[in-house]
Amino acid sequence: MHTLQRRNQVQVYSWLGVVPFILLGALLPVWPASMQSQAIESFGAYGAVILAFMAGAIWLPAILTEESKPLPTTSIAVLLSLLAFLVVLLPIELGLGLSGSGFLLLLVTEIRLRWKLRYPNWYWSMRIMLTATVTLCHLLAGLWLWL
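Per the numbering used here, the sequence shown runs over residues 1 to 147.
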């Protein structure tokens with residue numbers, strides 16, 4: 001696949017993955033009152049799925065780049081996946097905080113591993129914007145719950 005075409009495809013798919021966070025979390029007050037509980041529960045479940053997916057995505061780079069000791073990064077991936085599972089079991093207020101923190105921890109892990117040097121510049125920029133957007137949606141969803 002042509003590089004520009006691949007880049008465009010990754011960008012479109014990545015931002016499409018953020019749409020449910022915006023629709024279910026950031027725009028929660030727009031939903032009819034009768035659907036807000038379902039919307040926020042769906043937000044939490046979707047966040048758990050995406051967090052587990054993203055945590056799983058760091059396995060291969062961890063194994064390839066840390067051949068002598070991939071354990072720390074793979075351990076973080078497993079812990080984040082378990083955290084994602086825990087998110088769906090806990091009350092939504094607590095789950096939102098854990099899920100939002102999980103996305104930030106994942107980004108910090110990638111930064112500490114200096115994966116910026118391995119990612120194309122366009123991907124790294126997009127990755128930071130995606131995490132910022134998802135985190136903001138978590139904050140807004142939590143805010144709407146407390147109002």
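Virtual Cβ for every residue (Gly too), placed ideally from N, Cα, C. Fair warning: this is a prediction, and the values are worked out from it, not measured in the lab.
- Are the beta-carbon atoms belonging to S99 and V87 less than 8 Å from one another? In the sequence shown, residue 99 corresponds to position 99, counting from 1. In the sequence shown, residue 87 corresponds to position 87, counting from 1. Yes, they are a contact pair.
- Starting from the N-terminal side, write out each stretch of the alpha helix (DSSP H) that is 4 residues or longer and does not extend beyond the region 39 to 97. Complete alpha helix (DSSP H) runs here, min 4: 59 to 65 and 71 to 89.
- From what residue to what residue does the alpha helix (DSSP H) around A132 run? By one-based count along the sequence shown, residue 132 stands at place 132. Per DSSP, the unbroken alpha helix (DSSP H) holding A132 starts and ends at N121 to W146.
- Task: Confirm, please, whether the CB-CB distance from V18 to L130 is below 8 Å.
- Result: Residue numbering aside, residue 130 sits at position 130 when the sequence shown is read from its first letter. Residue numbering aside, residue 18 sits at position 18 when the sequence shown is read from its first letter. In this structure, L130 lies near V18, with their beta-carbon atoms less than 8 Å apart.
- Message: Rounding to the nearest angstrom, what Cα-Cα distance links A62 and T74 in this structure?
- Response: In the sequence shown, residue 62 corresponds to position 62, counting from 1. In the sequence shown, residue 74 corresponds to position 74, counting from 1. Using only the alpha carbons, I get a separation of about 7 Å.
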